[in-house]
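Those protein sequence lines, which keep their order, are chains A and B. If you want my numbering, it's the position in the first sequence, counting the first as 1, plus 9. If you want my numbering, it's the position in the second sequence, counting the first as 1, plus 1. We put the CB at the ideal spot given by N, CA and C, even for glycine. Working notes, beginning with the structure itself.
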Amino acid sequence: MSEQAPDTVGRGLAEDARNRVRFEEEALSHADQVYQVARHLAGSKEEAEELMQETYARAFRSWRSYTKGTNIRAWLLRILTNINIDQGRRKQRRPPERSLEEGDYSLYDRLEQTSGDGSAGDEERLLQRLSQSDIVDALAALPHDFRDVLVLVDLGEFSYQETAQILSVPIGTVMSRLHRARRLLKQSLASSLGGER
Amino acid sequence: MNEAPCPKCESLLQLYLDGELNESEAREAEAHLDGCGYCRRQYRFERAFRAYLRKTLCEEPMSAELKVKLTALRSDASPGDCL
Ligand SMILES: [Zn+2]
Numbered sequence: 010m011s012e013q014a015p016d017t018v019g020r021g022l023a024e025d026a027r028n029r030v031r032f033e034e035e036a037l038s039h040a041d042q043v044y045q046v047a048r049h050l051a052g053s054k055e056e057a058e059e060l061m062q063e064t065y066a067r068a069f070r071s072w073r074s075y076t077k078g079t080n081i082r083a084w085l086l087r088i089l090t091n092i093n094i095d096q097g098r099r100k101q102r103r104p105p106e107r108s109l110e111e112g113d114y115s116l117y118d119r120l121e122q123t124s125g126d127g128s129a130g131d132e133e134r135l136l137q138r139l140s141q142s143d144i145v146d147a148l149a150a151l152p153h154d155f156r157d158v159l160v161l162v163d164l165g166e167f168s169y170q171e172t173a174q175i176l177s178v179p180i181g182t183v184m185s186r187l188h189r190a191r192r193l194l195k196q197s198l199a200s201s202l203g204g205e206r
Numbered sequence: 002m003n004e005a006p007c008p009k010c011e012s013l014l015q016l017y018l019d020g021e022l023n024e025s026e027a028r029e030a031e032a033h034l035d036g037c038g039y040c041r042r043q044y045r046f047e048r049a050f051r052a053y054l055r056k057t058l059c060e061e062p063m064s065a066e067l068k069v070k071l072t073a074l075r076s077d078a079s080p081g082d083c084l
């Protein structure tokens with residue numbers, strides 16, 4: 010019977026438990042920010058809440074695979090994105106049939122053309138004519154590959170490199186999807202302003 | 002005032018707005034913006050659009066219920082607790 014071994018094991022377990030608690034606290038401290046991104050990666054608030062719970066359950070189980078000092082928000086969102094894809098929740102939308110060759114300006118032009126007051130040239134005031142629901146709907150209607158990239162870069166404020174790692178795609182793919190996603194979103198918002206029917 | 006379409010600048014502008022350019026590339030983009038009315042106009046709109054998007058989409062915080070549920074997923078291990 011060794012007297013040292015159980016003591017060493019005990020200390021190891023205590024250390025492990027402390028690390029685990031620290032990890033859990035850190036992960037939870039980022040939950041609000043992760044949720045803001047999750048909310049728009051998922052199709053609805055309910056789906057986002059389920060995804061968050063599954064993500065945190067999985068994260069807490071596999072906490073040892075997180076490398077201390079790396080971006081925990083990116084690590085959590087990578088889990089969340091994988092769950093989202095694995096579960097096939099994301100309905101594959103038909104690729105857009107409208108031309109993507111329209112200038113990026115169409116939304117700006119449309120806002121100015123339909124402003125009817127002195128707000129031309131005042132971008133912020135022009136944009137306020139886009140309602141929250143218009144924006145939420147336009148984003149939700151994007152093909153998911155495009156939406157994921159746009160949400161991670163524009164809402165999550167991840168770099169292209171981090172976004173590429175979260176989604177396991179090459180950085181060039183992030184750039185081209187982001188470009189198309191923004192065009193599509195703006196086109197969709199421009200048509201939500203009406204004025205042509 | 003130069004208002005001719007300038008699509009080749011578009012990707013430079015995107016990278017600039019996304020903070021993906023290094024210092025000398027960023028200076029190059031800024032120099033271009035100084036001299037090109039079309040891109041300057043587009044830049045101002047793009048910047049405002051991104052800010053508006055973020056503001057509009059991040060309005061709704063996580064519910065208190067969800068926060069409680071996430072916290073409940075933690076292990077109950079506390080330092081010093083052995084099996
Ligand atoms: Zn230009």
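Check: residue i C-beta below 7 Å from any heavy atom of ligand 3
i	result
C40/B	As presented, the structure is devoid of ligand 3, carrying ligand 1 as its sole ligands.
Residue from the options whose Cα sits closest to the Cα of residue i
i	options	result
D19/B	V178/A, A199/A, V158/A	V158/A
Q45/A	Y17/B, R51/B, K56/B	K56/B
S124/A	I81/A, A199/A, A36/A	A199/A
A51/A	V145/A, R186/A, D163/A	V145/A
A52/B	G165/A, P15/A, R73/A	G165/A
R156/A	G203/A, A47/A, K54/A, A26/A	A47/A
S201/A	S140/A, R186/A, R192/A	S140/A
K68/B	E59/A, L176/A, K77/A	E59/A
A40/A	F46/B, L71/B, H33/B, A27/B	L71/B
D154/A	I175/A, D143/A, L22/A	I175/A
A66/A	F32/A, D143/A, L151/A, P15/A	F32/A
D1/B	D118/A, N28/A, R138/A	Nothing about residue 1/B can be read from this structure; chain B reaches only from 2 to 84.
A149/A	E56/A, G203/A, L136/A, Q137/A	E56/A
heavy atom of ligand 1 below 7 Å from residue i C-beta
i	result
C59/B	no
H39/A	no
H33/B	yes
Chain B within 8 Å of residue i, Cβ atoms only
i	result
H39/A	no
E205/A	Low per-residue confidence applies at E205/A: pLDDT is 46, beneath 50, and the placement is therefore not dependable, though the value from the model is reported in the following sentence. False, the Cβ-Cβ gap to chain B never drops below 8 Å.
L202/A	no
A190/A	no
H49/A	yes
A147/A	no
S168/A	yes
L164/A	yes
A199/A	no
F155/A	no
E56/A	no
Y75/A	no
R29/A	yes
A66/A	yes
E171/A	no
L151/A	no
L136/A	yes
Q122/A	no
E35/A	no
R141/A	The sequence given here has Gln at residue 141/A, not Arg. Yes - at least one Cβ of chain B is within 8 Å of the one on Q141/A.
Cut-off 6 Å between Cβ atoms - residues of its own chain near residue i, not counting five sequence neighbours on either side
i	result
F167/A	L161
K195/A	L116
S197/A	A147
Cβ neighbours of residue i in the same chain (closer than 7 Å, five flanking residues each side left out)
i	result
A68/A	A36, L85, I88
E171/A	N80, A83
T64/A	L85, I88, L89, I92
Chain A contact for residue i (CB, 8 Å cutoff)
i	result
A65/B	no
Y53/B	yes
D82/B	Caution is warranted here: a pLDDT of 43 is assigned to D82/B, below 50, making its placement in the model unreliable, and no coordinate value can be reported.
D19/B	yes
A49/B	yes
E60/B	yes
R45/B	yes
R41/B	no
T72/B	yes
R75/B	yes
Sequence-distant residues of its chain with Cβ nearer than 8 Å to residue i (five each side left out)
i	result
V43/A	M61, T64, R82, L85, L86, L89
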